[in-house]
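Asks: Chain order of the listed sequences is A and B.
The letter at position 23 of the first sequence is residue 68 when you use the working numbering, and the numbering goes up by one with no holes.
The letter at position 49 of the second sequence is residue 94 when you use the working numbering, and the numbering goes up by one with no holes.
Each residue gets a CB set at the ideal place from its N, CA and C atoms; glycine is no exception.
Here the structure is a predicted model, which is why all the values come from computation and not from measurement.
Protein chains: 2
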Amino acid sequence: MEKPEHHIFLCASFRSGGDSQGVCHKKGAGNLLPYIENEILDRGLNAQITSTGCMKACDHGPVMVIHSQGVWYGNVDSEDAVDEILDALEDDAVAENFLIS
Amino acid sequence: MEKPEHHIFLCASFRSGGDSQGVCHKKGAGNLLPYIENEILDRGLNAQITSTGCMKACDHGPVMVIHSQGVWYGNVDSEDAVDEILDALEDDAVAENFLIS
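1. Look at the Cβ atom of residue 53 (chain B), then the Cβ atom of residue 145 (chain B), and state whether they are nearer than 7 Å.
2. Under 7 Å between the Cβ atoms of residue 55 (chain A) and residue 100 (chain A)?
3. List, from N- to C-terminal side, the alpha helix (DSSP H) runs of 4 residues or more that fit wholly inside the region 53 to 113 of chain B.
4. With distances taken from CA atoms, which of B:57, B:106, B:94 and B:102 is nearest residue 131 (chain B)?
5. Could you give the residue range of the beta strand (DSSP E) that holds residue 116 (chain B)?
6. Within 6 Å: the Cβ of residue 88 (chain A) and any heavy atom of the ligand GTP?
7. I want to see whether chain A comes within less than 7 Å of residue 115 (chain B), judged by CB atoms only; does it?
8. List the residues of chain A whose Cβ lies closer than 8 Å to the Cβ of residue 109 (chain B), in chain order.
9. Considering just the uninterrupted stretch of the alpha helix (DSSP H) at residue 127 (chain B), what are its terminal residues?
10. Would you say residue 112 (chain A) lies against chain B (beta-carbon separation less than 7 Å)?
11. Identify, in the order they occur along the chain, each residue of the same chain with its Cβ nearer than 8 Å to the Cβ of residue 129 (chain B), setting aside the five sequence neighbours on each side.
12. Who are the neighbours of residue 81 (chain A) on chain B, taking C-beta pairs under 7 Å?
13. Counting only beta-carbon separations shorter than 7 Å, does residue 106 (chain B) have a partner in chain C?
14. Strictly under 7 Å for the Cβ-Cβ distance: is residue 145 (chain B) near chain A by that measure?
15. On a Cα-Cα basis, can you pick out the residue from B:85, B:59 and B:47 that is closest to residue 73 (chain B)?
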């Protein structure tokens, strides 16, 4: 099976029962999923986007984690934010504005 | 914010609406979450477990991905499987029996 070079995780605040109830969801993270999928295709990135349950960084929500960079981003609440983060990823860099320190 | 050294992702087959419906969920992946959380504590691992939506490897479900190892595991359907995988993680190795090749 082909594994993605970059694995992008976006918190959608799923509870164990499946409900989306937390901070990241309330701030609209789920709405960004289709946009990110399209951007991965448009940019030709070898990347996969996966939605997640709570990543326990709710103060910084919406939260995105990118492996293998091992980078944690917060306040990823707009298409502009996604663009900035993916621009950095393409340059093998990090988007300083959204880093959770 | 403290970031975990190991980030363990377990597919719980969340759909975008939140329902858990896919292969990994049907094979009981969700039931392993509390066990994994306890094992992380018992073993003193610097690790975080996060449940996810579909990781598009349904043929191999239940699917677990561990970063920063970047390892994809399949058929993670029992506590014994979890033990074998975490034993390997502690040894900085991979659990060959469950590797998705």
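Replies: Answer, in terms of the structure:
1. no
2. no
3. 68 to 71 and 78 to 88
4. B:94
5. In the DSSP annotation of this structure, the continuous segment of the beta strand (DSSP E) that includes residue 116 (chain B) starts and ends at 116 to 118.
6. Here there are no bound small molecules, and the ligand GTP is not part of this structure.
7. yes
8. The contacting residues do not exist; residue 109 (chain B) stays about 12 Å from chain A at best.
9. 124 to 135
10. yes
11. 140, 142 and 143
12. Chain B residues near residue 81 (chain A): none, gap ~12 Å exceeds 7 Å.
13. Among the chains of the structure shown, chain C does not appear; the protein chains present are A and B.
14. yes
15. Ranking B:85, B:59 and B:47 by CA distance to the CA of residue 73 (chain B) puts B:59 first.
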